[in-house]
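All remarks here apply to the structure that follows.
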Amino acid sequence: MKSMGIDQVISGKMRKWGVPAARISFAIIFFWFGILKPFGLSAATGLLKATVAWLPFGEPDTWLVVIGWWEVVIGITFLFRKTTKIAIALLLLQMVGTFMPLVFLPEVTFQHGNYMLPTLEGQYIIKNIMIISAALVVGGTLYKSKRKHESL
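For any residue, its number in my numbering is found by taking its place in the sequence shown, counting from 1, and adding 406.
Shown next as structure tokens:
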């Protein structure tokens, strides 16, 4: 039996704790940021209302409440393996709306109309690519492959 190097030990711990850490992170972030919206306490309130103002139904204040509770549900459903598929579906639908300001409000999300210079709001939105990636990793753990893992 070979002795394991420190990097292998660390990698094993990362493999063991990575997905649970991601689930807990999702729960904290989505619950926390989501619960602020229905109470009008979110820093994203103005951006969210401006983004949904063009929708042909519902008022921006109503959308703020709906999206806030939607995010709370995303956070809660990520805590449990049995509800992970629901969490990912809700997250992906929510992300469509999250990226809308990049298209509909470029004057808010990019500096001087330059798409290479996101504003703080733009950066806040673009970083969601990492959230989508983490959701894909968590979702990828739901089923065991019947084949042995192949190296990349």
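All residues carry an ideal CB built from backbone N, CA and C; glycine is no exception.
What you are looking at is a predicted structure, and each value in this text was computed from that prediction instead of being measured.
Cβ separation of residue i and residue j, assumed to be a contact under 8 Å, to the nearest whole Å
{"i": "LEU548", "j": "THR490", "result": "6 Å"}
{"i": "LEU470", "j": "THR457", "result": "LEU470 to THR457, Cβ: 10 Å. No contact."}
{"i": "MET543", "j": "ALA428", "result": "The residue asked about is misnamed: residue 543 is Val in this sequence, not Met. So it is a contact: roughly 7 Å between Cβ atoms."}
{"i": "LEU497", "j": "ALA541", "result": "5 Å"}
Same chain only: Cβ atoms within 6 Å of residue i, ignoring 5 sequence neighbours per side
{"i": "GLY440", "result": "GLY474, GLU477 and VAL478"}
{"i": "SER448", "result": "LEU442"}
{"i": "ALA493", "result": "ILE480, THR483 and PHE484"}
Coil, strand or helix - residue i by DSSP
{"i": "PHE486", "result": "coil"}
{"i": "PRO524", "result": "strand"}
{"i": "PHE516", "result": "strand"}
{"i": "GLY452", "result": "helix"}
{"i": "LYS550", "result": "coil"}
{"i": "PHE505", "result": "helix"}
{"i": "ALA541", "result": "helix"}
{"i": "MET407", "result": "Confidence at MET407 is low in this model, with a pLDDT of 49, below 50, so its placement is unreliable and the value that follows should be read with caution. Correct three-state label for MET407: coil."}
{"i": "PHE510", "result": "helix"}
CB contact below 8 Å: residue i versus chain C
{"i": "ILE538", "result": "In the displayed structure, chain C is absent; only one protein chain is listed."}
Same chain only: Cβ atoms within 8 Å of residue i, ignoring 5 sequence neighbours per side
{"i": "TYR521", "result": "PRO512"}
{"i": "LEU453", "result": "PRO507, LEU511, VAL514 and GLU527"}
{"i": "ASN534", "result": "MET501, THR504 and PHE505"}
First through last residue of the alpha helix (DSSP H) which encompasses residue i
{"i": "PRO405", "result": "Outside the displayed span of the chain (407 to 558) sits residue 405, for which this structure offers no information."}
{"i": "LYS533", "result": "Run containing LYS533: none; DSSP gives neither H nor E here."}
Contacting residues, own chain, Cβ-Cβ under 7 Å from residue i (five flanking each side not counted)
{"i": "ALA459", "result": "PRO466"}
{"i": "LEU523", "result": "PHE516 and GLN517"}
Any non-hydrogen atom of the ligand NAD closer than 7 Å to residue i Cβ
{"i": "GLU465", "result": "With respect to the ligand NAD, the structure shown offers nothing to examine, as it has no ligands at all."}
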